[in-house]
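Chemist: From first to last, the protein sequence lines are chains R and H. So for the first sequence, the UniProt record's numbering puts the first residue at 1; every next one is plus one. So for the second sequence, the UniProt record's numbering puts the first residue at 1; every next one is plus one. Even for Gly, the Cβ is constructed at its ideal location relative to N, Cα and C.
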Amino acid sequence: MAASSLQSLNPTFSQTLASPNTSPSFRSPFLRFNSSFTPKPLSTRSSSSLIARSAAEPQERKTFHGLCYVVGDNIDTDQIIPAEFLTLVPSNPDEYEKLGSYALIGLPASYKDRFVQPGEMKTKYSIIIGGENFGCGSSREHAPVCLGAAGAKAVVAQSYARIFFRNSVATGEVYPLDSEVRVCDECKTGDVATVELREGDSVLINHTTGKEYKLKPIGDAGPVIDAGGIFAYARKAGMIPSAAAA
Amino acid sequence: MASSVISSSPFLCKSAQKDLGFPKPSQISVHRCQKRAISRKIVSVMAPQRSSSATGSVKTGMTMTEKILAKAAEKSQVVPGDNIWVNVDVLMTHDVCGPGAFGIFKREFGEKAKVWDPEKIVVIPDHYIFTADKRANRNVDIMREHCREQNIKYFYDITDLGDFRANPDYKGVCHVALAQEGHCRPGEVLLGTDSHTCTAGAFGQFATGIGNTDAGFVLGTGKILLKVPPTMRFILDGEMPSYLQAKDLILQIIGEISVAGATYKTMEFSGTTIESLTMEERMTLCNMVVEAGGKNGVIPPDATTFNYVENRTSVPFEPVYSDGNASFIADYRFDVSKLEPVVAKPHSPDNRALARECKDVKIDRVYIGSCTGGKTEDFMAAAKLFHAAGKQVKVPTFLVPATQKVWMDVYALPVPGAGGKTCAQIFEEAGCDTPTSPSCGACLGGPADTYARLNEPQVCVSTTNRNFPGRMGHKEGQIYLASPYTAAASALTGHVTDPREFLQ
Chain R
1 MAASSLQSLN PTFSQTLASP NTSPSFRSPF LRFNSSFTPK PLSTRSSSSL
51 IARSAAEPQE RKTFHGLCYV VGDNIDTDQI IPAEFLTLVP SNPDEYEKLG
101 SYALIGLPAS YKDRFVQPGE MKTKYSIIIG GENFGCGSSR EHAPVCLGAA
151 GAKAVVAQSY ARIFFRNSVA TGEVYPLDSE VRVCDECKTG DVATVELREG
201 DSVLINHTTG KEYKLKPIGD AGPVIDAGGI FAYARKAGMI PSAAAA
Chain H
1 MASSVISSSP FLCKSAQKDL GFPKPSQISV HRCQKRAISR KIVSVMAPQR
51 SSSATGSVKT GMTMTEKILA KAAEKSQVVP GDNIWVNVDV LMTHDVCGPG
101 AFGIFKREFG EKAKVWDPEK IVVIPDHYIF TADKRANRNV DIMREHCREQ
151 NIKYFYDITD LGDFRANPDY KGVCHVALAQ EGHCRPGEVL LGTDSHTCTA
201 GAFGQFATGI GNTDAGFVLG TGKILLKVPP TMRFILDGEM PSYLQAKDLI
251 LQIIGEISVA GATYKTMEFS GTTIESLTME ERMTLCNMVV EAGGKNGVIP
301 PDATTFNYVE NRTSVPFEPV YSDGNASFIA DYRFDVSKLE PVVAKPHSPD
351 NRALARECKD VKIDRVYIGS CTGGKTEDFM AAAKLFHAAG KQVKVPTFLV
401 PATQKVWMDV YALPVPGAGG KTCAQIFEEA GCDTPTSPSC GACLGGPADT
451 YARLNEPQVC VSTTNRNFPG RMGHKEGQIY LASPYTAAAS ALTGHVTDPR
501 EFLQ
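(1) Could you tell me the alpha carbon to alpha carbon distance between residue 47(R) and residue 202(R), rounded to whole angstroms?
(2) Quick check on residue 159(R) - is its C-beta less than 8 Å from some C-beta in chain H?
(3) Quick one: which chain H residues come within Cβ less than 7 Å of residue 231(R)?
(4) To the nearest angstrom, how far is the alpha carbon of residue 399(H) from that of residue 436(H)?
(5) What residues in its chain sit with their C-beta under 8 Å from that of residue 230(R), if we drop five residues either side in the sequence?
(6) State buried or exposed for residue 117(R), treating a residue as buried only when at least 16 other CB atoms are found within 10 Å of its CB.
(7) Could you name the residues of the segment 86-112 of chain R whose beta carbon sits closer than 9 Å to any beta carbon of chain H, in the order they occur along the chain?
(8) Using DSSP with H/G/I as helix, E/B as strand and the rest coil, what is residue 405(H)?
(9) By a C-beta neighbour count over all protein chains shown, 10 Å radius and 16 as the cutoff for buried, is residue 478(H) buried or exposed?
(10) Could you tell me which residues DSSP puts in a beta bridge with residue 235(H)?
(11) Please list, in chain order, all residues of the same chain as residue 44(H) whose beta carbon is under 6 Å from its beta carbon, the five residues on each side excluded.
(12) Would you call residue 327(H) buried or exposed, if buried means 16 or more other Cβ atoms sit within 10 Å of its Cβ?
(13) Looking at chain R, is there any beta carbon in it that lies within less than 8 Å of the beta carbon of residue 84(H)?
(14) Counting only Cβ pairs nearer than 9 Å, list the residues of chain R close to residue 402(H).
(15) So for residue 117(R), helix, strand or coil by DSSP?
(16) With three or more beta-carbon pairs closer than 8 Å as the criterion, would you say the segment 460-470 of chain H touches the segment 416-427 of chain H?
(17) Along chain H, in chain order, which residues have C-beta atoms closer than 7 Å to that of residue 74(R)?
(18) Give the residues from the segment 123-144 of chain R that approach chain H closer than 9 Å (Cβ to any Cβ), ordered along the chain.
(19) Could I get the ranges of all uninterrupted alpha helix (DSSP H) runs contained in the segment 92-153 of chain H, with 4 residues as the minimum, in chain order?
(20) Is the distance from the Cβ of residue 87(H) to the Cβ of residue 72(H) below 8 Å?
(21) Can at least three beta-carbon pairs, one atom from the segment 481-498 of chain H and one from the segment 93-101 of chain R, be found at a separation below 8 Å?
(22) I need the straight-line Cα distance from residue 102(H) to residue 68(R), nearest angstrom please.
(23) Rounded to a whole number of angstroms, what is the C-alpha to C-alpha distance between residue 380(H) and residue 386(H)?
(24) If you reduce the DSSP assignment to three classes, tell me which class residue 452(H) lands in.
(25) Below 7 Å CB to CB, which residues in the same chain sit around residue 471(H) once its five sequence neighbours on both sides are set aside?
(26) Is there a Cβ of chain R sitting closer than 8 Å to that of residue 444(H), yes or no?
(27) Which of helix, strand or coil does DSSP assign to residue 353(H)?
(28) Interface residues of chain R around residue 194(H) at Cβ under 8 Å?
(29) Classify residue 504(H): buried if its beta carbon has 16 or more other beta carbons within 10 angstroms, exposed otherwise.
(30) Evaluate residue 227(R) with the Cβ neighbour count: other Cβ atoms within 10 Å of its Cβ, from every protein chain shown; 16 or more gives buried, anything less gives exposed.
(31) Could you tell me which residues DSSP pairs with residue 163(H) in its beta bridges?
(32) Please report the distance separating the alpha-carbon of residue 64(R) from that of residue 199(R).
(33) For residue 377(H), which residues from the same chain have a beta carbon less than 6 Å from its beta carbon, with the 5 sequence-adjacent residues on both sides left out?
(34) At a CB-CB cut-off below 9 Å, which residues of chain H make contact with residue 182(R)?
(35) Taking just the CA atoms, how far does residue 157(R) sit from residue 194(R)?
(36) Ignore the nearest five residues each way along the sequence and tell me which others in residue 127(H)'s own chain have a CB closer than 6 Å to its CB.
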């Protein structure tokens, strides 16, 4: 099946053909979802249901834990990564890191806490909390890439612009999640939070306020994100061959 | 079969399942993402949901977009929500995203891999061209290398940055170049690594913007996984007033439905007004579909379209039209004869206001350019207003033709009713800056030395497409999006000005 359908896609692939079931021979720097870490136990946790959760199967859970960075509505790609930095090519490892250092640098001065401190390359915030239409504007993939390069793990927003959402999923750089309420009004930058993803309901737990928020299921994008992005997904489905040995 | 495995595990777009995307059959509701009251001019009707399994072998009417995608996926029928692998007719990239897209292509398919079809890829350097920024210059060089190695047929190269005219292949702004060079054809699927790729929908094709990773995937396979969008229909009827332009129409619509009003949806434009628009005006309309969150925009092709296309390409095409019984998720109607010139105030494209109600806003500069407002007809319009006024501009007025061809038209074509004068002559007499080298220019700020970049917190009236904070450079810059007529009128008074002050 694989050989004939793949060759019809692109004849040059016959030279690089490998079994679709073998894992890639290299590790893409963009595959970020394979790591998961359990949250540190915190005394502010009062919900008894949390104890039940920690007994769940580890491979059914993904967890992101850390500080929140809160932004408002319509955070467009120019605020996420101003156009002057687009000369950096994301597939170049050095420039990838540099992009991270400029993440959210376009936010107006009213944002007193900067996402990445001047002079730093990484952010101390793991979870970005947004309002409506997060990531609107350009199709520049530099937007989700810079957030991921800076060290953000997930975005929890009320809604997304489609190209940003699609790019997040395709690259696997940040996990884009939908909240059901205006979480951005109830969380503050610097709050400690955990995002727990599960088959059924995922949650955002704000340890600083003690509040919990249900997150909408990731839905159709789930299989692609879980695979590690569009290429890994297409490989799993036998649509394209595994990466060639260089 | 691989494709059936994939279609049973649909990709992305969970947001489309929200209230706006797929309503319950008996539900008629107002778009919930709208925060302002609906104008009485608008009629919004939700269509009943159709599920894939229900259609079976019975043919349901399809919209233009559904038909184009069905054909490109080699299916007889699709419905909104279907995730399908679609064959791509044209992939466009430029200097900003091209290096990244090819980088991913090589990483994923191998250093020796070849693109799926070197004649279906169009590489158009246009974003950061006339700059001393070394990385920007390097990115054009990177694209040259890739194009050489892959034997890419269409690479609109530039090597002499000091004189754009010394580069015979160089075109300029990608979306305008695509149209001018005959790459836009009805019924096709065109993807580009730029959000304003939706411009090409003016030609009755499916055109949308994608990121580097998706583009890298298309480079290798010639396919993309897409979710079929539902279509919102915008019917514009009535005679276009002489002072109104397509830019006013799209700003009107975005102001109506908000910057997320069309998220994940197709915006289909039809009606007598649309039929009266030229191709360039139709391009302006579809260009800003993305500013409403739209996935793509479409206009039914007609004689105007065929005339334009057939003069630029001999590649055969098959026009496609929405069926009479197609389902639309919403219907909006506008009586264009009642509309007035509008602007989008800082800092959002949906922050709509009547131009005449902003006449007290003092401005510092005017920018006429970009894929949205830097085409030949845009400059013709501005020149027409300047000529009618017979005055001098009160603020620096920057003119950035989108492409080489536009630049030449500005210098060569006589402006109707101006006694044989060209745009360039009229601009000079009005005291505008000399039209500069064609590129995206300062629409998106760019490197620090970009011509007309907003480097101070000034107020600018611009014919461009976005005015979020920092868009043209300075974070505290204030950008008023406007039509070329409104921009020209504003240049003459030094305030935001309704063009009727000088036209009529």
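Modeler: This is what the structure gives:
(1) Residue confidence is low: residue 47(R) scores 36 on pLDDT, short of 50, so the model does not pin down where it sits. Its coordinate-derived value is still stated next. Between residue 47(R) and residue 202(R), the C-alpha separation is close to 15 Å.
(2) yes
(3) 108 and 217
(4) 6 Å
(5) 169, 170 and 224
(6) exposed
(7) 86, 87, 88, 89, 90, 91, 92, 95, 106, 107, 108 and 109
(8) helix
(9) buried
(10) 270(H) and 333(H)
(11) With a pLDDT of 41 at residue 44(H), under the threshold of 50, the predicted position of this residue should be treated as unreliable, though the coordinate-derived value follows. 330.
(12) buried
(13) no
(14) Residues of chain R passing the Cβ test: none, with the nearest at roughly 17 Å.
(15) coil
(16) no
(17) 259 and 348
(18) 132, 133, 136, 137, 138, 139, 140, 141, 142, 143 and 144
(19) 98-109 and 134-150
(20) yes
(21) no
(22) 34 Å
(23) 10 Å
(24) coil
(25) 444, 445 and 479
(26) yes
(27) strand
(28) 138 and 139
(29) exposed
(30) buried
(31) Bridge partners of residue 163(H): none, in fact.
(32) 15 Å
(33) 280
(34) Residues of chain H passing the Cβ test: none, with the nearest at roughly 12 Å.
(35) 15 Å
(36) 94, 95, 96 and 440
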